[in-house]
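Trainee: Please see the structure below; I have some questions.
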Amino acid sequence: MGSELIYRGHEAQPASDSYSPKPDKPWASVTRAARYMLREQRLLFVLVGIAIATLIFTIIPTSRVQLAPHTTTTPILDSITYFPIETQNKFSYQHRLGIGSGNPTGKIPLGLKRKGLRIVVTGGAGFVGSHLVDRLIARGDSVIVVDNFFTGRKENVMHHFGNPNFELIRHDVVEPLLLEVDQIYHLACPASPVHYKFNPVKTIISFFTRLAKRVGARFLLTSTSEVYGDPLQHPQKETYWGNVNPIGVRSCYDEGKRTAETLTMDYHRGAEVEVRIARIFNTYGPRMCIDDGRVVSNFVAQALRKEPLTVYGDGKQTRSFQYVSDLVEGLMRLMEGEHVGPFNLGNPGEFTMLELAEVVQETIDPNARIEFRPNTEDDPHKRKPDITRAKELLGWEPKVSLRKGLPLMVSDFRQRIFGDHKEGSSSTINKASSG
Ligand SMILES: NC(=O)c1ccc[n+]([C@@H]2O[C@H](COP(=O)([O-])OP(=O)(O)OC[C@H]3O[C@@H](n4cnc5c(N)ncnc54)[C@H](O)[C@@H]3O)[C@@H](O)[C@H]2O)c1
Numbered sequence: 001m002g003s004e005l006i007y008r009g010h011e012a013q014p015a016s017d018s019y020s021p022k023p024d025k026p027w028a029s030v031t032r033a034a035r036y037m038l039r040e041q042r043l044l045f046v047l048v049g050i051a052i053a054t055l056i057f058t059i060i061p062t063s064r065v066q067l068a069p070h071t072t073t074t075p076i077l078d079s080i081t082y083f084p085i086e087t088q089n090k091f092s093y094q095h096r097l098g099i100g101s102g103n104p105t106g107k108i109p110l111g112l113k114r115k116g117l118r119i120v121v122t123g124g125a126g127f128v129g130s131h132l133v134d135r136l137i138a139r140g141d142s143v144i145v146v147d148n149f150f151t152g153r154k155e156n157v158m159h160h161f162g163n164p165n166f167e168l169i170r171h172d173v174v175e176p177l178l179l180e181v182d183q184i185y186h187l188a189c190p191a192s193p194v195h196y197k198f199n200p201v202k203t204i205i206s207f208f209t210r211l212a213k214r215v216g217a218r219f220l221l222t223s224t225s226e227v228y229g230d231p232l233q234h235p236q237k238e239t240y241w242g243n244v245n246p247i248g249v250r251s252c253y254d255e256g257k258r259t260a261e262t263l264t265m266d267y268h269r270g271a272e273v274e275v276r277i278a279r280i281f282n283t284y285g286p287r288m289c290i291d292d293g294r295v296v297s298n299f300v301a302q303a304l305r306k307e308p309l310t311v312y313g314d315g316k317q318t319r320s321f322q323y324v325s326d327l328v329e330g331l332m333r334l335m336e337g338e339h340v341g342p343f344n345l346g347n348p349g350e351f352t353m354l355e356l357a358e359v360v361q362e363t364i365d366p367n368a369r370i371e372f373r374p375n376t377e378d379d380p381h382k383r384k385p386d387i388t389r390a391k392e393l394l395g396w397e398p399k400v401s402l403r404k405g406l407p408l409m410v411s412d413f414r415q416r417i418f419g420d421h422k423e424g425s426s427s428t429i430n431k432a433s434s435g
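If you use full-length UniProt numbering, the sequence shown corresponds to residues 1 to 435, in order.
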């Protein structure tokens, strides 16, 4: 039965077949192929093809290897914070991407298009991460967002759904995950006190440095200005080791990031992982969590809701505020550049909390009241980045002033709080540009 299902034709065969095929000539197929090759100069084309392929596969890799010593000449710029990139890992990373030492000008050889990278952004559904994802997708890269939505929102990345270059994975970075990627931007971490105090232990751990080692990806850690604690040096340079309370309520974040920096550097030194470290100063912009207790989002939401602006302490403590697009530009330059860091990424414009409240009043509601509350534990008195290194080595500095950037954030908050985007956005932007 089974064989019948497979083939029934044998029943139809004549019992005696008078047809007997001619025996095969043993060389027939070879001579047929040779004749085919010789017709219409096909052989010539084949030979030219082989010659070009040989040229590409022998000469180009050789020239890269010859140029590799360039990488070892990267100077040790600062014995504490800067490390030369001379590891085998770097070479394999660049070789894999077709960039870097073999191509010091960064130009792509004629006829070859720049290949998009495969990039993981952990925390990519959050405030900074989602803006970074926008830029990477726009550049033509394939982006995988890994996020557990603790503080992030699907709405922040929803506009990429359906794009084949975009993937979203709900996953907690404290658990292993294997992904084949070229670069890892590690942002996953609750960034505001209300959130990181919720699960302090989790704030410290992440699996992704190990993933970078395993797949040979370049790893960028988003550290923070909080590593300087309540600084005794002003403005803060990257060489400053900080003044941090190791056992306070904010320590899970401050010390967590310090530990993450240590771990990142140990993976770099010990396991030759290519790493980058950014120390981010206060950043604001659209898509920030509305009620996360960070000062800019607090003031903006309060002013829009006609609530008093709550100033903790005497309001004379200072911060610097950077618009999110400036930060994203800095992160990308750092990732693509030659230096490990750490680099301060922040806007050196320094404001007291009372000055910030005034800018918010100017932008949203001149009649907004200010209400003073007792200060929170371990609140730093001063914060201002020295960005000399980022300027010199990354060619980066912030472009958007607080008075220009704030209205863009207000427009987004207005839409999310009241759902009246268009009117709000145009009026606030106009107000800012005329003021
Ligand atoms: N925004 C700032 O002013 C600032 C300043 C200094 C440093 N940073 C750092 O930049 C990064 C991004 O900050 P942000 O302001 O966008 O914060 P955010 O809270 O908006 O984003 C963090 C994202 O990480 C996700 N996340 C948190 N824990 C996770 C986990 N265990 N697994 C998977 N996903 C997780 C959240 O859901 C969220 O989407 C953070 O690492 C933060 O420490 C930000």
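In this text, a Cβ means the ideal position worked out from N, Cα and C, and glycines have one as well.
1. What residue range does the alpha helix (DSSP H) around residue 436 cover?
2. So, with DSSP's three-state summary, where would you put Lys270?
3. Tell me the rounded alpha-carbon separation between Leu304 and Phe372.
4. Following a CB-centred definition, is Ser223 positioned closer than 8 Å to any heavy atom of ligand 1?
5. Since Glu238 contacts Arg279 with CB under 8 Å, what's their CB separation in whole angstroms?
6. Looking at the unbroken beta strand (DSSP E) that takes in Val121, where does it start and where does it end?
7. According to DSSP, is Ile52 helix, strand or coil?
8. Let me know if His131 comes out buried or exposed under the rule of 16 or more other beta-carbons within 10 Å of its beta-carbon.
9. Based on the DSSP secondary-structure assignment, which residues constitute the bridge partners of Val146?
10. With a floor of 3 residues, list each beta strand (DSSP E) that falls wholly inside the stretch 351-425, ordered by position along the chain.
11. Using the C-alpha atoms, what's the distance from Ile50 back to Arg35?
12. Indicate whether Ser142 and Phe127 have their beta-carbon atoms separated by less than 9 Å.
13. Specify the secondary structure class of Asn156 as computed by DSSP and reduced to three states.
14. Within 10 Å of its beta-carbon, does Met353 have 16 or more other beta-carbons around it, so buried, or fewer, so exposed?
15. When you compare only the Cα positions, how much space is there between residue 436 and Leu47?
16. Can you tell which of Gly256, Arg170, Glu307, His160 has its C-alpha closest to the C-alpha of Phe150?
17. Any heavy atom of ligand 1 within a distance shorter than 8 Å of the CB on Arg276?
18. Between the alpha carbons of Lys90 and Met335, how many angstroms are there, rounded?
19. What did DSSP end up calling Met1 once you bin it into helix, strand or coil?
20. Mapping DSSP to helix, strand and coil, what is Gln322?
21. In terms of DSSP beta bridges, what is Pro284 paired with?
22. Say the cut is 8 Å; is the CB of Leu168 nearer than that to a heavy atom of ligand 1?
23. Quick one: grab the DSSP three-state call for Tyr240.
24. Along the chain, where does the beta strand (DSSP E) that runs through Ser223 open and close?
25. Applying the criterion that 16 or more other CB atoms from any shown protein chain within 10 Å of the CB defines a buried residue, is Met158 buried or exposed?
26. Does the stretch 113-124 touch the stretch 312-329, meaning 3 or more C-beta pairs lie closer than 8 Å?
27. Answer with buried or exposed for Ala138, where buried requires no fewer than 16 other C-beta atoms within 10 angstroms of its C-beta.
28. Is the beta carbon of Leu327 less than 9 Å from the beta carbon of Arg369?
29. For Ala303, name the three-state secondary structure that DSSP assigns.
30. Would you call the CB atoms of Leu44 and Thr222 closer than 9 Å?
Mentor: Let me lay it out:
1. The first residue shown for the chain is 1 and the last is 435, placing residue 436 beyond what the model contains.
2. The amino acid at residue 270 is misidentified as Lys; the sequence shows Gly. Gly270: helix per DSSP, three-state reduction.
3. 18 Å
4. yes
5. 7 Å
6. Note, Val121: beta strand (DSSP E), 118-122.
7. helix
8. buried
9. Thr122, Ile169
10. 370-373
11. Answer to the nearest angstrom: the Cα atoms are 20 Å apart.
12. Note that the C-beta distance between Ser142 and Phe127 is not below 9 Å.
13. Here Asn156 sits in helix by DSSP.
14. buried
15. Coverage of the chain is limited to positions 1 through 435, which leaves residue 436 absent and any answer about it impossible.
16. Arg170
17. no
18. Residue placement at Lys90 is flagged as unreliable, the pLDDT there being 48, under the threshold of 50; a coordinate-derived value is accordingly withheld.
19. Because the pLDDT at Met1 is just 35, under 50, the model does not fix this residue reliably, and the value given afterwards should be weighed accordingly. For Met1, the three-state secondary structure derived from DSSP is coil.
20. strand
21. Looking at the sequence shown, residue 284 is not Pro but Tyr. Tyr323, per the DSSP bridge assignment.
22. Checking the Cβ of Leu168 against ligand 1 gives no.
23. coil
24. Judged by DSSP secondary structure, Ser223 falls within the beta strand (DSSP E) whose first and last residues are 218-224.
25. exposed
26. Judged by Cβ distances under 8 Å, the stretch 312-329 makes no contact with the stretch 113-124, as fewer than three pairs qualify.
27. exposed
28. no
29. Three-state result, Ala303: helix.
30. no
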